[in-house]
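FYI, in the working numbering the residues of the sequence shown are 2 to 450. For glycine and all other residues, C-beta sits at the position ideal for the given N, C-alpha and C. As the structure is a computational prediction, the values presented were derived from the model and not from experiment. Notes to accompany the following structure.
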Amino acid sequence: MAENQNTEWKESWRDEYLKWVCGFANAQGGRLYIGKSDNGTIVGISDSKSLMEDIPNKIQTTLGIIADVNLLTEDDKEYIEIVVAPSSYPVNYRGEYYRRSGSTLQQLRGSSLTEFIREKTGLLWDAVPVDNIGVQDLDQNSIDIFRREAVRNRRMDKEDLNISNEELMDHLDLLVDGKLKRAAVMLFYKKPGRIITGCYVKIGKFGEGADLQYQDLLEGSLFSIADRVIDLIFTKYLKAAITYEHDVRVETFPFPRDGVREAVYNALGHNNYAGSVPIQIRIEDDAMYISNRCILPLNWTAETLMEPHKSVPFNPSIANVFYRAGYIEAWGRGIQKICDSCRELGTPDPEYIVFGNDITVKFTALKGQDDTLNDTLDETLNRQDGGLDGGLADKVLNAIVELPEATVLEIANYCDSPKRTVERTIKALREQGKIVREGGKRYGHWKVL
Numbered sequence: 002m003a004e005n006q007n008t009e010w011k012e013s014w015r016d017e018y019l020k021w022v023c024g025f026a027n028a029q030g031g032r033l034y035i036g037k038s039d040n041g042t043i044v045g046i047s048d049s050k051s052l053m054e055d056i057p058n059k060i061q062t063t064l065g066i067i068a069d070v071n072l073l074t075e076d077d078k079e080y081i082e083i084v085v086a087p088s089s090y091p092v093n094y095r096g097e098y099y100r101r102s103g104s105t106l107q108q109l110r111g112s113s114l115t116e117f118i119r120e121k122t123g124l125l126w127d128a129v130p131v132d133n134i135g136v137q138d139l140d141q142n143s144i145d146i147f148r149r150e151a152v153r154n155r156r157m158d159k160e161d162l163n164i165s166n167e168e169l170m171d172h173l174d175l176l177v178d179g180k181l182k183r184a185a186v187m188l189f190y191k192k193p194g195r196i197i198t199g200c201y202v203k204i205g206k207f208g209e210g211a212d213l214q215y216q217d218l219l220e221g222s223l224f225s226i227a228d229r230v231i232d233l234i235f236t237k238y239l240k241a242a243i244t245y246e247h248d249v250r251v252e253t254f255p256f257p258r259d260g261v262r263e264a265v266y267n268a269l270g271h272n273n274y275a276g277s278v279p280i281q282i283r284i285e286d287d288a289m290y291i292s293n294r295c296i297l298p299l300n301w302t303a304e305t306l307m308e309p310h311k312s313v314p315f316n317p318s319i320a321n322v323f324y325r326a327g328y329i330e331a332w333g334r335g336i337q338k339i340c341d342s343c344r345e346l347g348t349p350d351p352e353y354i355v356f357g358n359d360i361t362v363k364f365t366a367l368k369g370q371d372d373t374l375n376d377t378l379d380e381t382l383n384r385q386d387g388g389l390d391g392g393l394a395d396k397v398l399n400a401i402v403e404l405p406e407a408t409v410l411e412i413a414n415y416c417d418s419p420k421r422t423v424e425r426t427i428k429a430l431r432e433q434g435k436i437v438r439e440g441g442k443r444y445g446h447w448k449v450l
């Protein structure tokens with residue numbers, strides 16, 4: 002019997018053969034034999050005991066399915082039969098989807114992947130309903146951020162938002178038969194990483210090559226991350242050139258804030274979270290790289306992105322809510338806005354790099370800034386008068402950047418300083434317009450201005 006739609010032979014086991022198991026599960030099912038040559042001759046295996054323990058565990062932990070693994074003997078030679086049943090839902094191998102077609106294994110991409118997921122579930126990835134998490138479990142602060150931004154960006158009226166959280170989720174089309182969509186969990190649940198690995202953002206400041214100088218991990222709902230990430234980048238990771246125009250202090254950063262914000266929000270909205278890989282932001286003196294997992298529409302390239310194109314979001318439910326909050330555009334104009342912001346600052350257009358299932362946008366830093374004029378927020382605060390302790394002020398600001406929802410006591414513990422002293426420092430920072438408290442005492446958060 003030759004290899005066919007439902008049969009595959011391998012002489013020995015390699016973990017990459019989990020792709021074949023994935024391919025069978027996403028098609029009609031099948032049998033994978035370990036210990037058979039390409040012509041079907043039994044060559045046997047020597048480590049059957051360990052393989053009989055390892056293979057079932059790897060199938061379950063990596064693919065999330067259970068397969069029958071049988072040890073067979075013929076002519077005193079042992080070989081393994083892996084029986085894979087067809088799955089009723091899409092199965093992925095490390096964020097990539099495979100399907101058996103004839104005697105070949107095919108990776109699904111672009112529109113083929115979209116149609117496959119729609120065929121299996123009738124839903125896109127972010128529209129799949131989630132068990133055991135209800136509207137009452139969502140993070141109120143994240144919902145408040147959405148309400149604030151939707152009104153501020155004039156995408157929704159305040160009167161339309163004066164409804165219960167459950168009505169809001171229904172209005173945003175985030176409920177399916179009374180269950181929250183996966184998009185709702187990503188957008189508003191405080192710890193989406195509990196059900197979706199890789200739902201966070203990594204930011205790193207690099208010197209030469211692999212010289213990582215410092216880094217941050219931003220976790221939480223997508224709205225919580227979006228509300229913090231841009232301020233963190235521009236207060237902690239970047240220096241501004243200081244000039245004066247008619248005695249007015251002007252700060253010029255090396256990267257366009259509007260363009261960086263648009264690129265980061267695009268990554269948050271369009272990331273392929275099934276890949277379990279976080280969004281990564283690498284910041285160097287001369288460049289900034291924003292990377293995320295992606296599945297572009299069929300035949301799209303990096304060049305396509307730089308041309309006028311329609312909006313084809315990979316996560317339509319997430320994209321719809323981000324649009325209503327004013328975070329992204331709905332007509333494919335986001336990249337044009339990024340280019341415009343770069344030209345306004347005087348830097349080259351961004352460069353888009355597509356490599357496999359990863360997409361990276363590269364910003365080039367503004368050239369010609371006088372390093373002697375470079376100034377950081379820390380240095381600025383240390384020159385403030387009014388009796389403010391610059392060292393403690395720095396610590397308080399760092400605490401607010403990293404823990405925007407912290408209480409005064411938690412900030413004091415972070416700074417290792419008495420609560421009363423920290424209270425006085427916070428009061429001085431607020432009076433000087435350096436920080437602001439938004440959203441009230443219970444559900445609010447601090448913000449560095």
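Proximity to S47 across S312, K182, G205, E79 peaks at E79, based on C-alpha coordinates.
Inter-residue distance for T361 and K180 is about 34 Å (C-alpha atoms, whole angstroms). In the three-state DSSP reduction, Y290 falls in the strand class (E or B).
In this chain, the alpha helix (DSSP H) harbouring V230 covers 223-233. Inclusion of I336 and L306 in the CB contact set at 8 Å is warranted, their separation being smaller than that value. Across the set V131, A242, R421, the C-alpha of V131 shows the shortest separation from the C-alpha of P193. DSSP places W301 outside both helix and strand once states are collapsed to three, so it counts as coil.
Contact check between the stretch 197-204 and the stretch 166-177: fewer than three CB pairs, one atom from each, fall below 8 Å, which does not count as touching.
Between the C-alpha atoms of V409 and V402 there is a straight-line separation of about 14 Å. DSSP, reduced to helix, strand and coil, places W126 within a helical segment of the structure shown. Between the stretch 336-356 and the stretch 275-282 there are fewer than three C-beta pairs closer than 8 Å, too few to call the two in contact. Linking A407 to V136 through their CA atoms gives a straight-line distance of about 24 Å. The C-beta distance from R283 to R156 rounds to 31 Å, too long to meet the 8 Å contact threshold.
For E79, the enclosing beta strand (DSSP E) starts and ends at 78-85. When DSSP states are grouped into helix, strand and coil, G357 belongs to the coil group. The continuous beta strand (DSSP E) containing I204 extends over residues 201-207. About 11 Å separates the CB atoms of Y266 and F224; that is not less than 8 Å, and the two are not in contact.
For the pair K159 and L169, the Cα-to-Cα distance works out to about 12 Å. The C-beta separation of K448 from V437 comes to about 5 Å, placing the pair in contact by the 8 Å criterion.
Following the DSSP letters along the chain, one finds V265 inside the alpha helix (DSSP H) bounded by residues 258-271. Ranking Y190, L404, M289, A303 by CA distance to the CA of D359 puts A303 first. Taking C-beta atoms as the reference points, I329 and G260 fail to come closer than 8 Å. With a beta-carbon spacing of about 6 Å, V84 and A68 fall inside the 8 Å limit used to define contacts. Just measuring C-alpha positions, the residue of S51, K237, A185 sitting nearest F147 is A185. When Cβ pairs closer than 8 Å are counted between the two stretches, the stretch 312-321 is seen to touch the stretch 112-129, the count reaching three or more.
Between I43 and the set I66, P57, E75, G65, the nearest pair of CA atoms involves E75.
Burial is judged here by how many other beta carbons sit within 10 angstroms of a residue's own beta carbon; R421 has fewer than 16 and is exposed. Proximity to I60 across N40, D39, R15, A28 peaks at R15, based on C-alpha coordinates. Assigned with DSSP and collapsed to three states, E352 falls in strand.
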